[in-house]
Structure formats: C-alpha cells, structure tokens
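Peer 1: Take the sequence shown: its letters are residues 4 to 225, numbered as in my numbering.
The structure follows.
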Amino acid sequence: MTRQYLIVDDHPIVHQAMGDALRALDPECAVVTAERLDHAMRALRDGAPYTLVLFDLKLPDASGVDGLAEIRRQYPGSPVAVFSAHVEQPTIVRCLELGACGYIPKTHSPDAIRSALRLITSGCPYVPPQALATENPIRPRPDPHATRGSDPRSLGLTERQIDVLDLILKGLPNKLICRRLSLAEGTVKVHVSAVLRALGARNRTQAVIAASRIGLKLPDGS
Numbered sequence: 004m005t006r007q008y009l010i011v012d013d014h015p016i017v018h019q020a021m022g023d024a025l026r027a028l029d030p031e032c033a034v035v036t037a038e039r040l041d042h043a044m045r046a047l048r049d050g051a052p053y054t055l056v057l058f059d060l061k062l063p064d065a066s067g068v069d070g071l072a073e074i075r076r077q078y079p080g081s082p083v084a085v086f087s088a089h090v091e092q093p094t095i096v097r098c099l100e101l102g103a104c105g106y107i108p109k110t111h112s113p114d115a116i117r118s119a120l121r122l123i124t125s126g127c128p129y130v131p132p133q134a135l136a137t138e139n140p141i142r143p144r145p146d147p148h149a150t151r152g153s154d155p156r157s158l159g160l161t162e163r164q165i166d167v168l169d170l171i172l173k174g175l176p177n178k179l180i181c182r183r184l185s186l187a188e189g190t191v192k193v194h195v196s197a198v199l200r201a202l203g204a205r206n207r208t209q210a211v212i213a214a215s216r217i218g219l220k221l222p223d224g225s
C-alpha cells in the first residue's frame with residue numbers, strides 16, 4: 004500500500020523541499036499539500052489515511068497550537084509532526100502534550116531535517132534539543148518528580164540507564180541504542196522500561212516532556 008503524506012504549510016517552497024525529502028526516504032510515496040487548516044481538514048476527511056501529517060504552526064487561518072489541537076481532536080489516529088520556525092521550549096513541549104509525534108524546527112539543517120523525518124517515519128518520535136534546554140526549564144504545574152531534582156541519579160537510575168535515557172532524549176530507537184552502547188536488544192528494552200517508569204511516562208514522548216518539566220541535566224559526555 005502506497006504511503007501517503009500531507010504537508011500543511013502556506014509556502015510552496017516548503018511543499019517542494021519537504022516533498023523532495025519525503026520522496027528521498029520513500030520513493031513510492033504520495034505527497035499531498037495544503038496551504039490552510041481548512042484545506043488540511045478537508046484532505047484528512049476525504050483522502051486515504053495518511054502515514055504522516057507535517058504541520059506548520061503558522062497558517063493563514065490558524066496560528067499557534069490551536070490548529071494542531073483541532074487536527075488531533077478530529078483525527079486522533081492521524082500521526083502529526085510539527086515543522087515550524089518556532090523553537091521556544093514551551094511551544095515544543097505543548098505540541099508534544101497535544102500528541103505530536105515529533106517537532107522539527109525549520110532552523111535545522113537539511114541533513115538534520117532528513118534525519119528527523121527518517122526517525123519519525125520509522126515510528127520513533129523526534130524531539131529537538133531545544134525541548135530540553137535547561138537555562139529556563141518550564142514549570143507550568145506541579146509535577147510528581149519535581150522534588151527529585153535535575154540529576155537523573157535522583158530518579159534511582161543506574162549509570163547505564165542514564166546512558167540509555169540520554170540516547171532516548173536524542174531520539175535514538177532501541178536498535179541504535181544497542182549499537183551505541185554495545186548492549187543486547189533485550190537488555191536495552193529492560194533499561195528503557197526502567198527509564199520510563201522512573202519518569203512516570205508511558206512512552207518516549209512523555210519521557211521527553213517529563214525530563215523537560217523537571218529541567219533534567221545529564222552528565223557531560225553521557
């Protein structure tokens with residue numbers, strides 16, 4: 004079955020660039036474009052199920068996270084990744100909270116964008132480094148882990164689990180974590196489960212949100 008992608012952005016040059024990037028990853032795919040939120044909603048309503056929706060936060064008929072929230076509300080089964088010039092940590096985390104499966108800043112280099120798309124289309128969330136900026140960690144509401152501090156050791160993680168956490172936050176899937184740390188896949192799965200449990204997260208995206216909320220700081224060189 005042909006994989007189909009929807010690019011929602013009001014700039015034709017973005018349609019072309021992102022379409023080319025997707026076709027480079029998946030030569031047989033179909034790419035549909037929309038310049039407005041209402042056009043995107045029509046495409047989602049009338050088209051075949053989309054493998055991925057790439058969504059800009061600034062559209063002629065929607066600005067900010069409201070458009071993303073509306074798509075997630077009406078089409079919760081459609082994977083949506085944000086592709087935006089906004090790189091503020093609260094915006095990135097809010098999009099993840101709304102269910103975005105990734106957040107790709109338009110400020111990324113072409114190689115970084117392709118790498119992010121490769122991760123997302125393989126089923127792994129992509130979160131940019133800006134989401135974990137610790138200079139001004141976000142603290143929007145009380146968090147059950149907030150009292151534990153920003154040192155991951157305070158979560159009860161072992162040194163190896165901290166290594167795994169670092170690579171999770173960098174967006175690496177289990178197979179690449181295995182290679183990077185020279186661990187068996189079963190061992191990595193055990194460590195990933197321990198990391199998610201320590202952060203009170205059900206999946207990797209929630210782990211990123213939790214790490215951001217508590218201003219988690221990983222040791223240098225981890």
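Quick reminder that beta carbons are idealized off the backbone N, C-alpha and C, glycines included.
#1: DSSP puts I107 in a beta bridge; with which residues?
#2: Pairs of beta-carbons, one from the stretch 43-55 and one from the stretch 89-101, closer than 8 Å: are there three or more?
#3: Suppose you measure from the CA of T137 to the CA of P131; what does that come to, to the nearest Å?
#4: What is the DSSP secondary structure of K178, counted as helix, strand or coil?
#5: Quick one: what's got a C-beta closer than 8 Å to R183's C-beta in the same chain, skipping five residues either side?
#6: So what does V68 bridge to, in DSSP terms?
#7: Using only alpha-carbon positions, find the residue among A201, Y53, D59 that is nearest to T161.
#8: Have a look at Q164, A43, G203, V195 and flag the residue whose alpha-carbon is nearest the alpha-carbon of D64.
#9: Sort R39, L172, L62 by Cα distance to P246 and report the nearest one.
#10: Less than 8 Å between the CB atoms is what I'm expecting for F86 and K109, so what's the real figure, rounded?
#11: In angstroms with no decimal places, state the Cα-to-Cα distance between R76 and L9.
#12: Tell me where the beta strand (DSSP E) around Q7 begins and ends.
Peer 2: On the basis of the coordinates in this document:
#1: Reading the sequence shown from its first residue, position 104 is the one you call residue 107. For I107, which the question treats as bridged, DSSP gives the partners F86.
#2: no
#3: The residue labelled residue 137 in the question sits at position 134 within the sequence shown. The residue labelled residue 131 in the question sits at position 128 within the sequence shown. Because T137 sits at a pLDDT of 48, beneath the cut-off of 50, its placement in the model cannot be relied upon, and the following sentence gives the value as read from the coordinates. Cα-Cα distance, rounded: 13 Å.
#4: Translated into positions along the sequence shown, residue 178 becomes position 175. Three-state DSSP puts K178 in a helix.
#5: Against the sequence shown, residue 183 aligns to sequence position 180. If we look at R183 and ignore the five residues flanking it on each side, its Cβ neighbours are L170, L175.
#6: Sequence index remark: in the sequence shown, residue 68 carries index 65 (1-based). V68 pairs with nothing; no bridge assigned.
#7: Against the sequence shown, residue 161 aligns to sequence position 158. That would be A201, whose Cα lies nearest to the Cα of T161.
#8: By 1-based counting over the sequence shown, the position of residue 64 is 61. For the residues Q164, A43, G203, V195, the minimum Cα distance to D64 belongs to A43.
#9: In the structure displayed, the chain extends from 4 to 225; residue 246 sits before or after that span and is not available.
#10: Taking the first residue of the sequence shown as 1, we reach residue 86 at position 83. Taking the first residue of the sequence shown as 1, we reach residue 109 at position 106. Indeed they touch by this definition, with Cβ atoms about 6 Å apart.
#11: Indexing the sequence shown from 1 puts residue 76 at position 73. Indexing the sequence shown from 1 puts residue 9 at position 6. Between R76 and L9, the C-alpha separation is close to 17 Å.
#12: Residue mapping note: residue 7 aligns to position 4 of the sequence shown, counting from 1. 7-11 is the extent of the beta strand (DSSP E) around Q7.
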